[in-house]
Amino acid sequence: MSMSKENTNALWNSVQDNDLPAYLKISSILLNPPTPLRNIPLRIYIPTSPTSSSPLASIKIVQTLVPPRNENGEALTLGSALNAALPSLFPSRRDAIVAEPILHGAAVPFRAPLEDLMRRLVMPMAGCI
Numbered sequence: 653m654s655m656s657k658e659n660t661n662a663l664w665n666s667v668q669d670n671d672l673p674a675y676l677k678i679s680s681i682l683l684n685p686p687t688p689l690r691n692i693p694l695r696i697y698i699p700t701s702p703t704s705s706s707p708l709a710s711i712k713i714v715q716t717l718v719p720p721r722n723e724n725g726e727a728l729t730l731g732s733a734l735n736a737a738l739p740s741l742f743p744s745r746r747d748a749i750v751a752e753p754i755l756h757g758a759a760v761p762f763r764a765p766l767e768d769l770m771r772r773l774v775m776p777m778a779g780c781i
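This is the structure:
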């Protein structure tokens, strides 16, 4: 979706000025587009522990675009999106077996609809969930 230059500037200024009411007014344009949502940007942070060969911990970042609905038109869940993006880390679409998703410091169930999470948890400047 594209925004007018005026709205883009207003969004950027609201972030710079730490003006939440102004940000929410403009961001609602992005979060509630007049056309159906095509993709949701998904960013996954995978932490690694220090090892003997690498004494510092690190974070691998995986980014992908995920459609909000599956081929049957049903809302895509977080578990389905994680399974599609990283099947070795998330082998089940329903349960945390190897890893557990944490969003903003809270565990999130695999059955949570991805579009609902996007609308409720998107952060200024992050641009994705």
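Just remember that the working numbering sits 652 ahead of the position in the sequence shown, which is counted from 1.
Here a beta-carbon is modelled for each residue, glycine too, at the ideal position from N, C-alpha and C.
Practice prompt. Look up T660 in the DSSP assignment and say whether it is helix, strand or coil.
Written response: Taken through DSSP and simplified to helix, strand or coil, T660 comes out as helix.
Worksheet entry | Status (buried if at least 16 other CB within 10 Å, exposed otherwise) for R695 | Exposed, since its Cβ has fewer than 16 Cβ neighbours within 10 Å.
Discussion item. If you reduce the DSSP assignment to three classes, tell me which class S666 lands in.
Written reply: S666 falls in the helix class under three-state DSSP.
Item to complete: Kindly indicate the opening and closing residues of the alpha helix (DSSP H) around I749.
Response: Taken as a continuous stretch (DSSP letters only), I749 belongs to no alpha helix (DSSP H), as it is neither H nor E.
Worksheet item: Going by beta carbon distance, what residues of the same chain come within less than 7 angstroms of G779, once the five residues before and after it are set aside?
Response: Reliability of the predicted coordinates at G779 is poor, the pLDDT of 47 falling under 50, and the value obtained from them is presented with this limitation in mind. The answer, listed in chain order, is P693.
Worksheet item: Any idea which residues DSSP pairs S710 with across the strands?
Response: Answer is T700, bridged to S710.
Practice prompt. Taking 7 angstroms as the cut-off, decide whether the C-beta atoms of L717 and N691 are in contact.
Written response: For L717 and N691, yes; Cβs fall inside 7 angstroms.
Discussion item. With a threshold of 8 angstroms on Cβ separation, who are the neighbours of I652 within its own chain once the five nearest residues in sequence on each side are excluded?
Written reply: The displayed coordinates of the chain run from 653 to 781. Any statement about residue 652 would go beyond what the structure contains.
Fill in: Beta-carbon gap between A662 and I681 smaller than 7 angstroms
No, the Cβ-Cβ distance between A662 and I681 is not below 7 angstroms.
Worksheet item: At which residues does the alpha helix (DSSP H) containing S679 begin and terminate?
Response: DSSP places S679 in the uninterrupted alpha helix (DSSP H) bounded by 672–683.
Worksheet item: What is the rounded straight-line gap between the Cα of L730 and the Cα of L683?
Response: One C-alpha to the other measures close to 18 angstroms.
Worksheet item: How many angstroms separate the CA atom of L738 from the CA atom of S732?
Response: Cα to Cα, L738 sits roughly 10 angstroms from S732.
Worksheet entry | Endpoints, the alpha helix (DSSP H) within which L730 is located | Element bounds for L730: 730–737.
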